[in-house]
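Okay, so here's the structure we're looking at.
There are 2 protein chains.
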Amino acid sequence: MIKKYCFGESVNTGATVLKLDSSQEELSYFKVKKQDQDTKGYQFIYLMDEKTQVFGLGENVRGMNKRGFIYESHCSDDPNHDEGKRSLYGAHNFILIRGKQNLGVFIDFPGKVRFDLGYTDKDEIRIEVDGEDFDFYLICEHSISEIAKRFRNLIGKSYVAPKWALGYQQSRWSYKNEAEVEAVIKGYRENKLPLDAVYLDIDYMERYKDFTVNKKAFPDLKCFAKHLKEQGIRLVPIIDAGVKIEKGYDVYEEGVKEDYFCKDANGKDFIGAVWPGKVHFPDFLQEKTRRWFGDKYKVLMDMGIEGFWNDMNEPALFYSEEGLKEAFEALDQLRALENIGIDEYFEMQNIMGSIQNSEKDYGRMYHQYNGEMVCHNKVHNLYGYNMTKAASEAFDRIEPDKRILLFSRASYIGMHRYGGIWTGDNKSWWSHLKMNIQMMPGLNLCGFIYSGADLGGFGDHATEDLVMRWLEFGIFTPLMRNHAAIGTREQEAYRFKDLEGFRNILNLRYSLMPYLYSEYMKAILEDKMYFRPIGFDYEEDEMAWQVEDQLMVGESMMIAPIYTQNAKGRYVYLPSDMLMLRIRSMEDMDRKVMEKGHHYIEVGLNEVLCFIKPNHLVPTTNPSLCIDTLKEDKLNLWGYVTSEATYMLYQDDGYTKKYEDETHYTKIGIKKQEEKYELSLSRNTVKINMNIN
Amino acid sequence: MIKKYCFGESVNTGATVLKLDSSQEELSYFKVKKQDQDTKGYQFIYLMDEKTQVFGLGENVRGMNKRGFIYESHCSDDPNHDEGKRSLYGAHNFILIRGKQNLGVFIDFPGKVRFDLGYTDKDEIRIEVDGEDFDFYLICEHSISEIAKRFRNLIGKSYVAPKWALGYQQSRWSYKNEAEVEAVIKGYRENKLPLDAVYLDIDYMERYKDFTVNKKAFPDLKCFAKHLKEQGIRLVPIIDAGVKIEKGYDVYEEGVKEDYFCKDANGKDFIGAVWPGKVHFPDFLQEKTRRWFGDKYKVLMDMGIEGFWNDMNEPALFYSEEGLKEAFEALDQLRALENIGIDEYFEMQNIMGSIQNSEKDYGRMYHQYNGEMVCHNKVHNLYGYNMTKAASEAFDRIEPDKRILLFSRASYIGMHRYGGIWTGDNKSWWSHLKMNIQMMPGLNLCGFIYSGADLGGFGDHATEDLVMRWLEFGIFTPLMRNHAAIGTREQEAYRFKDLEGFRNILNLRYSLMPYLYSEYMKAILEDKMYFRPIGFDYEEDEMAWQVEDQLMVGESMMIAPIYTQNAKGRYVYLPSDMLMLRIRSMEDMDRKVMEKGHHYIEVGLNEVLCFIKPNHLVPTTNPSLCIDTLKEDKLNLWGYVTSEATYMLYQDDGYTKKYEDETHYTKIGIKKQEEKYELSLSRNTVKINMNIN
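Residue numbers (the numbering used here), protein chains in the order written: chain A, 1 to 693; chain B, 1 to 693.
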C-alpha cells in the first residue's frame, strides 16, 4: 500500500505517474519534527533495531545495505567517488527499510534531502528535508520485493534501450577523429572481439559546441556512421548541458533570442564556464526549452546517429564570471598583505579550490519554473533529469517508432522513464569494481535498469587483470561500456596480452543475450528488478541478507564476481542448492551442482563464476561480433532442473517500440522424468538444444 | 644467503648494519638494463609465473601481496591514501618474492626507486632505480620466513618502545590546553576506560615553534605532566621538522649561526613554509645538526616528557618563497590575457595545486652530505629518517638507560633502529581499516615493529561502529593510538553509546599484555615478524598464501578482524585446526576448537575474533587502567594443547634498556596427560591459572 503525505505545497517534479491523494492519517513509523524557523525544513526519525537494514538511494557509495553512513541528495560532478562522499551525480531519494515492518520511503523534493542512516546515532534513521514543500511517500508491504515493485508502479515504466545497446561498447575521452575510431574498430574486429558501438567524447564537436561536428576530424559524419553501421558498429556522441556563447552559433543565437536560457538575478542570461568556455545553460525546466533543445538532436540523428549520452548536466559549473572575479579579488586582497603567512596561503588554496560547482554560483542562476523565477538551488536535482527528458520527448517526435540509446550522468527519480544512466567518473581501482557491483541493485530499485559503470575505470591507469575482472562483471550489466579518461593507459580489450581470455569474456556476453535481453525487458515491462541483493529472493534466509558481494541477475542466475586484486577464488554463499558454472568459454566450463551453504570456490583470472537457481533455465546462443548479426533462433538451454522448470523467453525486433506483443514470448518448459528432461515450447519459433543438470 | 651488488659508488645511507663485500658474481634471477644516458639509472627485470607473489614495500597501499601495481619510493606528505597512490610517507625498498626460488631484494638508494610489480606487464617485475650509485642486496633462502629474518639481520635490531607505549593512547589535532587534556582523561577514567597517554598536536607549541610551549595553554607543563603521570598518563608532544624563522627564537638563531640548516643554490639558508609559516629545515644529514637538534628534545624531557612523535619530516613543504612567487607570476600572466578561457582556468588551478611539496622546490634545497653539497632530490628519502635518528641518538646521551617513546611519519629502512612509525593521515573509512590490516606485515618486514595507524581514522568523520571495529583490530597493533583531525567528529571511546563494549575492547588489550609484550619484545630481540601473512607460518599451504585479511600475531595467535560496514560475521580460513575465541569480555567469550579449512563465523559488533594455534599458549592477566598498574605476577594461561606446548614468557621492567637478561624469560610448559594438563615453569616468579582447551 502506498500512502502519500503532502507537506506544504508539493512541487511537481514529475517523478511519479500514479496520482494519489494526500493521506489524512498521521504518518506512522516516523517521528516528524519541524525544523526551526531558520532551517525551514523537516526531520523524520525512525528507530532501528540491530537487524534493521536499509537499501536504496540509487547512485551512492558504500554497500548495498546503506546503514551506517549519511547521504545527501545533491547531484554532484565529483570524480572522487570515495567512501566519504555523500552525493554523486544522481539524486535518488528512495530507501527501503528492512525492519520489523518493511517500508519504502520516497521523498519527492528537488532540493537537498539528507539520509542519516545510523551515522549520527547508530540506532536512528534521520531524514532531513531542506524545505517545507514536498511529498513523503510511504510504502508498506509484507515483502521487500513487493515494496520495490510498488515503488516502480508509482514512478512509471523504465526506459527501453535498443537491443544493440546491450552489446559491448568502447569509449574513451577521446577518439578524436575518424582514423582513431577506425583503429579501435580494427583492434576489435581483427582480433575477433565483439563490439557494437564506439563513443565520441567532447572532442568530436567543433570547439565543444553541442550539435556541431569538427569537420577536420570527421569530414562526413553521415557517411562515416553509415560505413560503420555496415560493420555493425554505432557511433554514440556526447551532448553537454552548456551552450557555448559564440556569435553566429545557431544554438546560442536561438537560445538568446527565444529566452531559452537560465537567467541571473537581473534577468540576463546566466553565464557559466564549462568545456566550451563561457556558456549559457538551457532552462530545461521550461517546456519550451526542452522542446527546442530536444529537437536539436535531429541534427545528429539525420547523420545516422542512434544514441547519445548527456553529460555535465548536474550541471557541472567550472566557474561563473562573477565567481571567478570574486575569487581573484579575494586572492588579491590576501596578496596585498605585507606578509603572506600560512593562514593566507591556505585561504588562497581554499578560494581556488571552491570555485568549481559552488553553491554560491548555483544560487546566482534562475529558472522559470511553473511560471515563477526559481533559484537553481531549490530545483538543482531536476536539471539533468529534464535535459534527458527533453531529448527523449524529442526522439518520440522525430522517430516515434524507433528506440534511441540515451543515458545521462545527472538524474532524479522519474528520469528512468526517459533514459538510463552511467555512474560517472569512477577510477581504475578494484574498490570501484566492488562499488559498481554494490551500486547496481540500488539503481534498479530507483528504476534505472539500463545502467552501468565505466568498465575498467575512467580515471587512473588500469591493469590487465583489473580490466579483465571488471569485464567479467560487466557481462551482466545492461550498459556494458569500457571507458577511460584522457591521459590514462589505453584499456581497450585488444591492448592486453590475453586476447583469448578477453574474447571468451566478450563472447559470453553475446552468448547470454537471449537470457540477458529477456530479463532486461521483463524487468522493465513487469516493474521488476534486474539486479537484486540475494536476500530479495530468499527473504527468510538471514544469511542471504548479509551477503554484500553477490547479485541475483534476472530470475534464474546468481553471480559472485571477483573484485579483489590477485584473488584466485572467493567465498560464495548459496541460499539454496544451485548449479555452479565456472566458464572459461562457451566450449570449456565446469558445471557442478553445489549445496546450499558457504563455499570457497577457486576462480581463475579468465573464468566467470555464476550460478543457476534450482528449477530455473538460462537460454543462450552462439556469439557473434555484434548484436545485429546475433542469431537467436536456435538456442542452447542451460538449466538446473530437479522436477520442472519454465522460462519465459522474450524476443522482439530490438529496435522498435512494440514491446507488448504476446508473440514476443515463448514459454519454455522442462520436466524431469526418470532422469530424462522433457521439453515443451509454447511456440515453435525457436529450436532448443538442452544442456540441463 | 645475502649477496650485495654495488652499482657505481654506493651512498652510505646507514640502512644496513652488516658489512658485506660486493659480490663478484653476475646478478642472477634479474635481467639488468642500464637506462639511456638521459635517464641515468638501471632497470632490473624478473619474470613471474602465475603463482608468484610479492610481499614487502612497507608502508604502501593495496594488499599484502603487492603484485599488480606500481610503487615509487618517495616519502610523500599526501593525505589521500587511495588505491592509486604510488608513495606514502615511507620509502621502504624491500620486496620479498615468493616464486620458484624465494628471494629478497633490497635497493639501498636514497632517491626514487620504482617497483613495477606486474603493472605494466602482468608477468614482469621491473625495478627501476633513478640513479647509478646504489647497492642491490639479494637474499636467497628456501623459506620465506628465513629471508625475512635474514633481511632483519642485515638492517639491525628494531627500536624498543617503553612498555607504557603499548598501552592505549588518545590523540587529536588538537587538545589545545590543560583543560582539554584533563577533559579527555576524565572521559576515560570516569568511564573506567584504560588509557596510557594523551598526545599534544601542533597547537601546544608557541606559534608552532619546536621545543617551545604555549604558556597560556599550558602554564606549567612540567607540573602538569607530573600530575598526569601520577594518574598513569603520559603526554606525548609532536615535533615538526621545520624551524620557524623568528628573530630571538633560540633554535632559529643557533641554527643560522652554526650553519645547521639546509641551503639554497646560493648557499643561503633555504626558506620553506609549513605550519609556523616561514621556516628553515635542519640539515639532518649532517652529524653536527643531528647532535644539536637532538639535544633540543631535552627541553621537553626536563619537563617530564617521555615520548615524542616526529612529524612533517618528508619534509612536508607547503610552499617556498620562490615557488609561491613563480606561481603568482604565472597566475598574473594568465589573468593579463584578454579572455580567461577554460584552458587558462585549468592552468591556474594546476598552478595553485602544484605548489605544495613540489619537486621543483625540493630541487632548490641542498644538504651537506658526506662533505659535498647534495641536492635534496637525490637524498629526499633520508630526511625524516635522520631527524628521528637525531632524536634517538640524543635520547641515548640524555637518558642512556631509559626507553623514550619515539615514532616518525617519514622513514627509510634503517630508521626502524631509532623509532617506530605511524602510518600518517588516513581517513575514517572502512577501506582504511582494511589497509591498516594489510599494511602491518609489510612494515614488520622492513623492521618497523612499533607501528600502527590512526585508529578510527584521522580525516573525515567516524561512526561508532567503525571506531569499535577499528579498535578491535588495534588491540593487536603495538602502537594503539586513536587519533583524529581538526574539524572531524570527536571519536574518543567515551563519546559513543556502547561504553561497555568499548571498555571490554580496551580491557582486552591490557589483559593480553603478557602475550603481546612478550611477542613484541621477542620479535625485536630475535629479528622475527610480529605480524605475518598466514602463509608465512604455513608455507606449504597454497590456500594460506591467498588469504589477505587475516594475520598471525606473535607465535600463538591468528586474528581475523572485521573490516566491513554492517558485517555480522566473516569468512575465515584455518590453515590448521585452531581454538577459536570469540571474546565479548574477559568473563564472557566463546571457545571452540575448529577444524582446518574454511568457515563462516558470526561476529557481533562488540566481539573480537581470534584463534590459538594448536599446542600454543597465550598468557593473559587482569586488565588495569594503565600499564603502570598492570599486575602480571598471576597469569591466566589460554591455550590449545593436544599434546604439549611451551611458551617463552618475556617480562622486564618495561622502562630500562636491559633487554637481554635471561631472568626476563620464563618457560611455561603444558603437557596433556590423560585429559589433564600438567604445568611446568622454568622460574617461579609468576603464578599460572590454566584455561586450556
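Built from N, CA and C at the ideal position, the CB exists for glycine as well.
Contacting residues, own chain, Cβ-Cβ under 7 Å from residue i (five flanking each side not counted)
| i | result |
| --- | --- |
| Thr564 of chain B | Trp430 |
| Gln53 of chain A | Asn65, Arg67, Arg98 and Trp545 |
Cα-Cα separation, residue i to residue j
| i | j | result |
| --- | --- | --- |
| Asp108 of chain A | Arg409 of chain A | 20 Å |
| Val198 of chain A | Phe308 of chain A | 11 Å |
| Lys40 of chain A | Leu18 of chain A | 28 Å |
| Arg201 of chain A | Arg509 of chain A | Reading off the sequence, residue 201 of chain A comes out as Asp, not Arg. Distance between the alpha carbons of Asp201 of chain A and Arg509 of chain A is about 25 Å. |
| Tyr29 of chain A | Glu50 of chain A | 16 Å |
| Asn691 of chain B | Glu500 of chain B | 24 Å |
| Ala645 of chain A | Tyr655 of chain A | 30 Å |
| Asp269 of chain A | Val374 of chain B | 58 Å |
| Asn504 of chain B | Ala493 of chain B | 11 Å |
| Tyr412 of chain B | Ile144 of chain A | 54 Å |
| Val467 of chain A | Asp498 of chain B | 43 Å |
| Ser392 of chain A | Tyr159 of chain A | 9 Å |
| Val641 of chain B | Pro575 of chain B | 16 Å |
| Tyr5 of chain B | Met415 of chain B | 22 Å |
| Leu605 of chain B | Leu455 of chain B | 16 Å |
| Pro162 of chain A | Asp302 of chain A | 18 Å |
| Val608 of chain A | Met578 of chain A | 16 Å |
| Leu625 of chain A | Lys192 of chain A | 7 Å |
| Val547 of chain A | Ile627 of chain A | 34 Å |
| Leu679 of chain A | His616 of chain A | 13 Å |
Chain-order list of residues whose beta-carbon lies under 6 Å from that of residue i (same chain, five-residue window excluded)
| i | result |
| --- | --- |
| Gln635 of chain A | What sits at residue 635 of chain A in the sequence shown is Leu, not Gln. Result list for Leu635 of chain A: Pro514, Pro619, Thr621, Val686 and Ile688, in chain order. |
| Ala453 of chain B | Thr423, Asn426 and Asn436 |
| Gly8 of chain B | Glu132 and Asp133 |
| Tyr71 of chain A | Leu57, Asn60, Arg86 and Phe115 |
Contact list for residue i against chain B, beta-carbon separation under 7 Å
| i | result |
| --- | --- |
| Ser431 of chain A | Glu83 and Ser431 |
Under 9 Å from the C-beta of residue i: neighbouring residues of chain A
| i | result |
| --- | --- |
| Tyr119 of chain B | His461 and Thr463 |
Closer than 8 Å at the beta carbon, the chain B residues around residue i
| i | result |
| --- | --- |
| Tyr571 of chain A | Tyr571, His598 and Tyr600 |
| Met552 of chain A | Going along chain B, no residue has its Cβ under 8 Å from Met552 of chain A, so there is no contact; the nearest lies around 19 Å. |
Partner residues on chain B for residue i, Cβ-Cβ distance less than 9 Å
| i | result |
| --- | --- |
| Gly341 of chain A | Ala273, Gly277 and Lys278 |
| Lys497 of chain A | Asp121, Lys122 and Asp123 |
Beta-carbon neighbours of residue i, restricted to chain A and to distances below 8 Å
| i | result |
| --- | --- |
| Lys568 of chain B | Gln546 |
Within chain A, partners of residue i - CB distance below 7 Å
| i | result |
| --- | --- |
| Gln349 of chain B | Met352 |
| Tyr252 of chain B | Result: empty, since nearest Cβ-Cβ is about 16 Å, beyond 7 Å. |
Touching by the beta-carbon criterion (3+ pairs, under 8 Å), the region 176-190 of chain A and the region 225-240 of chain A: Contact between the region 176-190 of chain A and the region 225-240 of chain A is present, because at least three Cβ pairs lie under 8 Å.
Quick one, which residues of the region 453-469 of chain B are near chain A if we go by CB-CB under 9 Å, in chain order? Here the close residues are Gly459, Asp460, His461, Thr463, Glu464, Asp465 and Leu466.
The region 43-59 of chain A / the region 442-452 of chain A touching (three or more Cβ pairs under 8 Å): Output reads yes: the region 442-452 of chain A touches the region 43-59 of chain A.
Output, in sequence order along the chain, the residues in the region 57-78 of chain A whose CB is closer than 8 Å to any CB in chain B. If you check each beta-carbon in the region 57-78 of chain A against every beta-carbon of chain B, the ones closer than 8 Å belong to Arg62, Gly63, Asn65, Arg67, Gly68 and Phe69.
Could you tell me whether the region 308-321 of chain B touches the region 380-395 of chain B, where touching means 3 or more Cβ pairs closer than 8 Å? Yes, since at least three Cβ pairs between the region 308-321 of chain B and the region 380-395 of chain B fall closer than 8 Å, the two stretches touch.
Counting only Cβ-Cβ distances shorter than 7 Å, please list the residues of the region 582-606 of chain A near chain B, keeping chain order. Answer set for the region 582-606 of chain A: His598 and Tyr600.
Contacting positions in the region 301-334 of chain A - beta carbon closer than 9 Å to chain B: Going along the region 301-334 of chain A in chain order, one finds Phe318, Tyr319, Leu324, Phe328 and Leu331 with a Cβ nearer than 9 Å to chain B.
With a cut-off of 8 Å, do at least 3 Cβ pairs link the region 292-299 of chain B to the region 205-212 of chain B? Flag = yes, the region 292-299 of chain B and the region 205-212 of chain B touch.
For the region 162-179 of chain A against the region 124-141 of chain A, are there 3 or more C-beta pairs whose distance is under 8 Å? Touching, no.
Using a Cβ cut-off of 7 Å, which residues of the region 269-280 of chain A contact any Cβ in chain B, in chain order? Among the residues of the region 269-280 of chain A, those with a Cβ less than 7 Å away from any Cβ of chain B are Ala273, Trp275 and Gly277, in the order of the chain.
Return the residues of the region 651-683 of chain A that lie within a Cβ-Cβ distance of less than 7 Å from chain B, sorted by chain order. Along the region 651-683 of chain A, there is no position whose C-beta sits under 7 Å from a C-beta of chain B.
According to a CB-to-CB cut-off of less than 9 Å, which residues of the region 555-566 of chain A neighbour chain B? Taking 9 Å as the Cβ-Cβ cut-off against chain B, the residues of the region 555-566 of chain A that qualify are Thr564, Gln565 and Asn566.
When you compare the region 281-291 of chain A with the region 363-372 of chain A, are there three or more beta-carbon pairs, one atom per stretch, that lie closer than 8 Å? Contact holds: three or more Cβ-Cβ distances are below 8 Å.
So if I threshold CB-CB distances at 9 Å, which residues from the region 418-449 of chain B count as touching chain A? For the region 418-449 of chain B, which is checked against every Cβ of chain A, the residues closer than 9 Å are Lys427, Ser428, Trp429, Trp430, Ser431 and His432.
Anything in the region 166-188 of chain A with a Cβ closer than 9 Å to a Cβ of chain B? List those residues in chain order, please. Contact residues of the region 166-188 of chain A toward chain B are absent (C-beta to C-beta distance below 9 Å).
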